[in-house]
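*Asks:* To convert, take the position in the sequence shown, counting from 1, and add 433; that gives this note's numbering.
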Amino acid sequence: MKALLTLRRTLLGLAAAGVIGQCSAFSFGSAEDAVIIPAPTLDEITQARSETAVFAGGCFWGVQGVFQHVKGVKKAVSGYAGGAANTAQYERVSDGNTGHAESVEVTFDPTQVSYGTLLQIYFSVAHNPTELNRQGPDRGTQYRSAIFPENSEQQRVAQAYIAQLDAAKSFDKPIVTTLETYNGFYPAEEEHQDFLTEHPTYPYIVINDLPKVAQLKKLYPERYQEKPVLVKAGM
434 MKALLTLRRT
444 LLGLAAAGVI
454 GQCSAFSFGS
464 AEDAVIIPAP
474 TLDEITQARS
484 ETAVFAGGCF
494 WGVQGVFQHV
504 KGVKKAVSGY
514 AGGAANTAQY
524 ERVSDGNTGH
534 AESVEVTFDP
544 TQVSYGTLLQ
554 IYFSVAHNPT
564 ELNRQGPDRG
574 TQYRSAIFPE
584 NSEQQRVAQA
594 YIAQLDAAKS
604 FDKPIVTTLE
614 TYNGFYPAEE
624 EHQDFLTEHP
634 TYPYIVINDL
644 PKVAQLKKLY
654 PERYQEKPVL
664 VKAGM
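1. Could you give the uninterrupted runs of the beta strand (DSSP E) lying entirely in the region 505-532, keeping only those of 3 residues or more?
2. Would you kindly check if the distance between the Cβ of Ile470 and the Cβ of Leu598 is under 8 angstroms?
3. Using a Cβ-Cβ cut-off of 6 angstroms (strictly less than) and excluding sequence neighbours within five positions of Gly532, which residues of its own chain qualify?
4. Below 8 angstroms on the Cβ atoms is my contact criterion, and I expect Phe618 with Gly512 to pass it. Report the Cβ-Cβ distance as a whole number of Å.
5. What residues are listed by DSSP as bridge partners for Thr611?
6. Excluding sequence positions up to five away, which residues of its chain have a Cβ less than 7 angstroms from the Cβ of Asp571?
7. Measuring straight from C-alpha to C-alpha, what distance separates Thr611 and Gln592?
8. Is it right to say Gln480 is buried, meaning 16 or more other beta carbons lie within 10 angstroms of its own, or is it exposed?
9. By the DSSP assignment, the beta strand (DSSP E) with Ser536 in it spans what residues?
10. Restricting to Cα atoms, I'd like to know which of Val609, Pro543, Pro644, Ser603 is closest to Ala579.
11. Would you call the region 627-640 and the region 518-536 in contact, with 3 or more CB pairs under 8 angstroms?
12. So if DSSP puts Thr485 in a beta bridge, which residue, or which two residues, is it bridged to?
13. Quick check: the region 552-565 against the region 658-667, are there 3 or more CB pairs under 8 angstroms?
14. When you compare the CB positions of Glu538 and Val487, do they come within less than 8 angstroms of one another, or not?
15. I'd like the list of long-range same chain contacts for Tyr615, defined as Cβ closer than 8 angstroms, with 5 residues on each side in sequence excluded.
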């Protein structure tokens, strides 16, 4: 874990400096195929025009990148959830003992895309919900699969959907996604925002995350938007 984290930090610095080019030199494994799953039978009922939802599903670069391409999403911010404000820094969270998970706060228009639809994309495309305290090549509780419902309606819909998917045996293993108390979301450092878009040739992105965006376009063409909604564009 420490060796992988050190390599990831080194490559992050190289990517920021524009040094990294091809993925063949640094292989982290390959992205898993997306899973076709049914839509939730229960969805959120709301009259709001703007709402936020927080999802954790491994490295936030890929999760953010997926949701930035979903129609109806106004913003998707990489950050931390589950721990205290004073430990919400990348170096601290990477140690795996802060309680934080790398997370993404999604701001969306419920009249264009529902919370249930975001959950469907989260479970089928954005990550593998059957992996416990890991995701692809990354290991540790900071990479856990978790949802942080911000109200009782989100809690109800997410809980019902997990039960629905498990009952239908939509995955070959049980879902390990946890529903955790929402105690705040803390945006990550600037270099972690829009990382997929800014570094499309970075090996980790090429192997693990770009395939997720491609699967979003393939499985949900009516939900896909080619131009991502970027964080830095609004800064």
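Beta carbons are placed, not taken as given, at the ideal position from N, Cα and C, and that holds for glycine.
Just so you know, these numbers come straight off a predicted model, no measurement behind them.
*Replies:* Taking the geometry as given:
1. As far as the region 505-532 is concerned, its whole beta strand (DSSP E) runs of at least 3 residues are 506-514.
2. The residue you call residue 598 lines up with position 165 of the sequence shown. The residue you call residue 470 lines up with position 37 of the sequence shown. The answer is yes: Cβ separation under 8 angstroms.
3. Looking up residue 532 in the sequence shown gives position 99. Only Gly515, Gly516 meet the Cβ criterion.
4. Taking the first residue of the sequence shown as position 1, residue 618 is located at position 185. Taking the first residue of the sequence shown as position 1, residue 512 is located at position 79. Confirmed, Cβ separation roughly 5 angstroms.
5. In the sequence shown, counting from the first residue as 1, residue 611 sits at position 178. DSSP, once it has assigned bridges, lists Ala579 as partnering Thr611.
6. One-based indexing of the sequence shown puts residue 571 at position 138. Here the set comprises Gly491, Cys492.
7. On the sequence shown, residue 611 is found 178 positions in, with the first residue counted as 1. On the sequence shown, residue 592 is found 159 positions in, with the first residue counted as 1. Their Cα atoms are separated by approximately 9 angstroms.
8. Translated into positions along the sequence shown, residue 480 becomes position 47. Looking at its Cβ environment, which holds fewer than 16 other Cβ atoms inside 10 Å, Gln480 is exposed.
9. Here the question's residue 536 lines up with position 103 in the sequence shown. In this chain, the beta strand (DSSP E) harbouring Ser536 covers 534-541.
10. The residue you call residue 579 lines up with position 146 of the sequence shown. That would be Val609, whose Cα lies nearest to the Cα of Ala579.
11. No, they do not touch.
12. As a working mapping, residue 485 is identified with position 52 in the sequence shown. In the DSSP output, where bridge partners are listed per residue, Thr485 has Thr540.
13. Taking one beta carbon from each stretch, the region 552-565 and the region 658-667 have fewer than 3 pairs nearer than 8 angstroms; the two do not touch.
14. Locating residue 538 in the sequence shown gives position 105, counting from the first residue. Locating residue 487 in the sequence shown gives position 54, counting from the first residue. Yes. Within cutoff.
15. As a working mapping, residue 615 is identified with position 182 in the sequence shown. Within the same chain, Tyr615 has close Cβ partners Val487, Ala514, Phe581, Pro582, Glu583.
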